[in-house]
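2 protein chains.
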Amino acid sequence: MVEKVNLADKLARIHDLWSPKAVGAVNDFHVKLVRLEGEFVWHSHETEDELFLVLQGRLRMQFRDREVVVDPGEFIIVPHQTEHRPVADEEVHVLLLEPGTTVNTGTAGGERTREVEWI
Amino acid sequence: MVEKVNLADKLARIHDLWSPKAVGAVNDFHVKLVRLEGEFVWHSHETEDELFLVLQGRLRMQFRDREVVVDPGEFIIVPHQTEHRPVADEEVHVLLLEPGTTVNTGTAGGERTREVEWI
């Protein structure tokens, strides 16, 4: 049975930062929701492009040579093999769309790597 | 160079109904925007799942045995090979996420089939 998903209801169930939760699958792509605050680690993904759609707050997407500010109602697609670092001065809610194989820290790995849980 | 996309700016450039426009590619998946009003045709997609994220208005997604009402801030994923018909009593703005191969009328084809233009 096909059910709809309410983004606000799902976000209310997320209590940790920088830990994307899966809320939908479109073929082999996953829709994830994540709450961000502070700075993440520099990383890239070997093969996976990654879409960040900002739902609330202001996301600063840093690249090695510049920064793109992404506000609610805007998205940015980070191509694979492109180093990036998301920064959120205040809490930001983001909808991610990416291949299901995507790891949050990409090829950098490390202590901020998270398993993706379905909510 | 990676640029952000503003959904409202793109929607302002769409003047026809039921004609999805591509605004982003995430690997082989496309992000599309579409304005809907009225009833579409019953159709399904052979292999492609299809995500409808409602940005404005109320989408009634009809299935053969029931209907799911999708409001702003909600999405529904229609699995491949599932007959569906989108209905919009008043104008609805939708963000679509689906494989780039997806045709708007699926296997039904017909006069409401549209080529996807990039905007």
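Protein sequence lines, in the order shown, are assigned to chains A and B.
With my numbering, the residue at position 105 of the first sequence is 105, and numbering never jumps.
In my numbering, each residue carries its 1-based index in the second sequence increased by 1000.
Glycine is no exception: its CB is placed at the ideal position from the N, C-alpha and C atoms.
What does the Cβ neighbour count give for residue i, buried or exposed, with the cut at 16 atoms within 10 Å?
| i | result |
| --- | --- |
| residue 47(A) | exposed |
| residue 31(A) | buried |
| residue 49(A) | buried |
| residue 1012(B) | exposed |
| residue 1061(B) | buried |
| residue 1024(B) | buried |
| residue 106(A) | buried |
| residue 1094(B) | buried |
| residue 1005(B) | buried |
| residue 1092(B) | buried |
| residue 70(A) | buried |
Report the option in the options whose CA atom is closest to the CA atom of residue i.
| i | options | result |
| --- | --- | --- |
| residue 1015(B) | 1085(B), 1035(B) and 1026(B) | 1035(B) |
| residue 1026(B) | 42(A), 78(A) and 94(A) | 78(A) |
| residue 1112(B) | 1039(B), 1065(B) and 1081(B) | 1039(B) |
| residue 59(A) | 1(A), 88(A) and 2(A) | 88(A) |
| residue 54(A) | 66(A), 44(A) and 33(A) | 33(A) |
| residue 1102(B) | 1115(B), 1057(B) and 1110(B) | 1115(B) |
| residue 1085(B) | 1020(B), 1008(B), 1063(B) and 1100(B) | 1063(B) |
| residue 1008(B) | 1056(B), 1117(B) and 1001(B) | 1056(B) |
| residue 1018(B) | 1029(B), 1070(B) and 1104(B) | 1104(B) |
| residue 100(A) | 117(A), 108(A) and 66(A) | 117(A) |
| residue 3(A) | 1090(B), 1066(B) and 1110(B) | 1066(B) |
| residue 1090(B) | 1037(B), 1073(B) and 1110(B) | 1037(B) |
DSSP three-state call for residue i: helix, strand or coil?
| i | result |
| --- | --- |
| residue 1009(B) | helix |
| residue 118(A) | strand |
| residue 171(A) | What the structure shows of chain A is the stretch from 1 to 119, and residue 171(A) is not part of that stretch, so it cannot be assessed. |
| residue 72(A) | coil |
| residue 1087(B) | strand |
| residue 93(A) | strand |
| residue 1043(B) | strand |
| residue 67(A) | strand |
| residue 3(A) | coil |
Over what stretch of residues does the beta strand (DSSP E) that includes residue i continue unbroken?
| i | result |
| --- | --- |
| residue 61(A) | 59-62 |
| residue 1020(B) | Note, residue 1020(B): premise wrong, no beta strand (DSSP E); not H, not E. |
| residue 108(A) | Residue 108(A) -> no beta strand (DSSP E), and no H or E assigned at all. |
| residue 35(A) | 29-39 |
| residue 50(A) | 50-56 |
Considering only residues of the same chain and omitting the five flanking positions on each side of residue i, which have a CB-CB separation below 7 Å?
| i | result |
| --- | --- |
| residue 1051(B) | 1075, 1077, 1096, 1097 and 1098 |
| residue 68(A) | 61 and 76 |
| residue 1110(B) | 1041 |
| residue 72(A) | 54, 55 and 56 |
Which same chain residues, not among the five before or five after residue i, have their C-beta less than 8 Å away from its C-beta?
| i | result |
| --- | --- |
| residue 83(A) | 42, 43, 44, 63 and 64 |
| residue 10(A) | 21, 23, 33 and 119 |
| residue 1029(B) | 1097, 1098, 1099 and 1100 |
Leaving out five residues on either side along the sequence, give the residues of the same chain with a beta carbon under 6 Å from the beta carbon of residue i.
| i | result |
| --- | --- |
| residue 81(A) | 44 |
| residue 1108(B) | 1041 and 1043 |
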